[in-house]
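Residues 20 to 191 in our numbering are what the sequence shown lists, from first letter to last. Note that beta-carbon positions come from the ideal geometry of N, C-alpha and C, so glycine has one too. Since the model is a prediction, treat every value here as computed from it, not as a measurement. Below is one structure, written out as structure tokens; comments come after it.
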Amino acid sequence: MDGRPGLFAPLSEGMSSAFAASARMVAQGIEASLPDAATLLALLPEALREGSARGYVRHLVHADPLARYSAMLIVWRPGQRSPVHGHQTWCAYRVLRGTLHERHYRWDAQERQARPCGEITRTAGDTFSVPAGLRHIHALGNDSDEVAVSLHIYGVDQEHIGSGVNLLVDVA
Numbered sequence: 020m021d022g023r024p025g026l027f028a029p030l031s032e033g034m035s036s037a038f039a040a041s042a043r044m045v046a047q048g049i050e051a052s053l054p055d056a057a058t059l060l061a062l063l064p065e066a067l068r069e070g071s072a073r074g075y076v077r078h079l080v081h082a083d084p085l086a087r088y089s090a091m092l093i094v095w096r097p098g099q100r101s102p103v104h105g106h107q108t109w110c111a112y113r114v115l116r117g118t119l120h121e122r123h124y125r126w127d128a129q130e131r132q133a134r135p136c137g138e139i140t141r142t143a144g145d146t147f148s149v150p151a152g153l154r155h156i157h158a159l160g161n162d163s164d165e166v167a168v169s170l171h172i173y174g175v176d177q178e179h180i181g182s183g184v185n186l187l188v189d190v191a
């Protein structure tokens, strides 16, 4: 598409830095303004905090009246995990209960697939955010023996929460 390789490299680097800074600011804003885990967990009736045997369950708990973002509580039973994905929008999450295992992947543009490149365990209180795109591809899952609950905030309004968040990718 670009007939002059490198012409837009400085723009790409500048935008990558801006997006990364924006993702950090989102995480900091969330950490500074969210209520504690017990208050957030109380938004879900006890019966819904146990999840479903069919897969992790998402519950919309807040939709910004200006349609800038939506917040969901996700309940993960042991062994449940998300598909490998990037994001069509910025995303931030906080683990409220239990632990989540996050596997990281790096996008291989030539092969058009993601390759594993690391992992981390996130515990209650951990907050993390990422910009839109394929720079942070991951899969979240509950590898423990207890139910985990996390709060996810996505840069889409509630009308697009089902189709405007995950960017599914193939894995090598």
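- Setting aside the 5 residues that flank it on each side, T118 is surrounded in the same chain by T140, R141, T142, S163, A167, each with a C-beta closer than 7 Å to its C-beta; the list follows chain order.
- Beta-bridge partners of V103 (DSSP): none assigned.
- The stretch 64 to 83 makes no contact with the stretch 119 to 131; the number of CB pairs closer than 8 Å stays below 3.
- Every beta strand (DSSP E) stretch that sits fully inside the stretch 139 to 182 and reaches 3 residues is listed by chain position as 146 to 149, 152 to 160, 167 to 173.
- For the 8 Å CB-CB criterion, R96 and D145 do not form a contact.
- In terms of Cβ geometry, A51 and W109 do not form a close pair [threshold 8 Å].
- Here G98 is exposed: its Cβ has fewer than 16 other Cβ atoms, across all protein chains shown, within 10 Å.
- Taking a 10 Å sphere around the C-beta of G25, we find fewer than 16 other C-beta atoms and assign the residue as exposed.
- Rounded to the nearest whole angstrom, the CA to CA distance from T58 to G183 is 28 Å.
- Taking every protein chain shown into account, the CB of S148 has 16 or more other CB atoms within 10 angstroms, so this residue is buried.
- M91 counts as buried, since at least 16 other C-beta atoms from the protein chains shown sit within 10 angstroms of its C-beta.
- S71 is positioned such that its CB atom lies no closer than 8 Å to that of L159.
- Judged by their CB atoms, H155 and I93 are not nearer to each other than the 8 Å cut-off.
- Counting every other CB atom within 10 Å of its CB across the protein chains shown gives A133 a total of 16 or more, marking it as buried.
- Between V188 and H106, the CB-CB gap reaches or exceeds 8 Å.
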